[in-house]
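What follows is the structure in structure tokens.
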């Protein structure tokens with residue numbers, strides 16, 4: 001992305017040396033990842049409602065103009081941060097069997113990351129009730145891509161003959177998986193981990209699908 005006018009003028013004046021508090025103006029992939037991580041850190045600290053573009057700009061030493069030019073608004077920035085930092089996903093999993101695919105998904109999960117993300121997602125679920133813009137951004141940029149990947153994974157299983165195309169449980173797999181991630185903390189007062197997810201997939205999801 002082209003540097004902001006102020007940033008370009010400053011760079012021309014000071015040369016390659018950057019003062020410790022100087023704002024950065026170029027979004028390299030590394031810089032983008034750093035910014036997304038900062039957004040999620042702020043979300044965990046203050047919640048969605050109290051998160052501001054000013055706070056993001058201060059934490060990341062960016063200008064608000066850069067943030068708005070790149071992402072447009074807070075809901076899109078938050079949704080893209082979640083999408084970028086999601087450690088697991090269905091899109092590139094294809095082990096040749098549905099059981100193998102789900103086990104590979106669980107194997108990619110990180111207990112520490114899941115502990116952080118479960119609290120984050122509970123807060124966002126509360127926030128979407130008051131922010132249609134956040135709900136739309138999460139659907140378009142985070143939820144829908146994951147659902148597409150999951151549906152592809154399930155469709156391959158149907159094509160292989162593991163699951164019947166008219167299996168009623170197919171429509172509820174997303175609900176089962178998301179419900180486990182959110183409800184576990186509420187019921188057992190501890191975050192979800194790999195062991196729980198492995199047992200849950202085997203005894204609930206795969207059994208419901210008849211696999």
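Numbering (the UniProt record's numbering), first residue to last: 1 to 211.
Heads up, the beta-carbon is just placed ideally off N, CA and C, and yes, glycines get one too.
Quantities reported herein were computed from a predicted structural model and do not represent experimental measurements.
For residue i, three-class secondary structure by DSSP
| i | result |
| --- | --- |
| residue 109 | coil |
| residue 61 | coil |
| residue 94 | coil |
| residue 161 | coil |
| residue 29 | helix |
| residue 167 | coil |
| residue 49 | coil |
| residue 174 | helix |
| residue 195 | helix |
| residue 213 | Residue 213 lies beyond the residue range present for the chain, which begins at 1 and ends at 211; the question has no answer from this structure. |
| residue 72 | coil |
| residue 123 | helix |
| residue 211 | coil |
| residue 99 | helix |
| residue 129 | coil |
Presumed contact (8 Å Cβ cut-off) between residue i and residue j, rounded CB distance
| i | j | result |
| --- | --- | --- |
| residue 134 | residue 75 | 4 Å |
| residue 48 | residue 84 | 17 Å between Cβ atoms; not a contact. |
| residue 149 | residue 102 | That belief does not hold up - the Cβ atoms of residue 149 and residue 102 are roughly 13 Å apart, past 8 Å. |
| residue 176 | residue 204 | 6 Å |
| residue 209 | residue 151 | 13 Å between Cβ atoms; not a contact. |
Backbone CA spacing between residue i and residue j [nearest angstrom]
| i | j | result |
| --- | --- | --- |
| residue 99 | residue 170 | 14 Å |
| residue 195 | residue 122 | 21 Å |
| residue 21 | residue 77 | Because residue 21 sits at a pLDDT of 37, beneath the cut-off of 50, its placement in the model cannot be relied upon, and the following sentence gives the value as read from the coordinates. Distance between the alpha carbons of residue 21 and residue 77 is about 23 Å. |
| residue 43 | residue 154 | 33 Å |
| residue 65 | residue 109 | 36 Å |
| residue 184 | residue 126 | 17 Å |
| residue 162 | residue 197 | 21 Å |
| residue 157 | residue 94 | 10 Å |
| residue 29 | residue 146 | 22 Å |
Neighbour-count burial assignment, residue i, 16 or more Cβ in a 10 Å radius
| i | result |
| --- | --- |
| residue 186 | exposed |
| residue 50 | exposed |
| residue 225 | Any answer about residue 225 is impossible in this case: the structure gives the chain only from 1 up to 211. |
| residue 71 | buried |
| residue 54 | exposed |
| residue 117 | buried |
Neighbour flag for residue i against chain C, beta carbons, 7 Å
| i | result |
| --- | --- |
| residue 163 | In the displayed structure, chain C is absent; only one protein chain is listed. |
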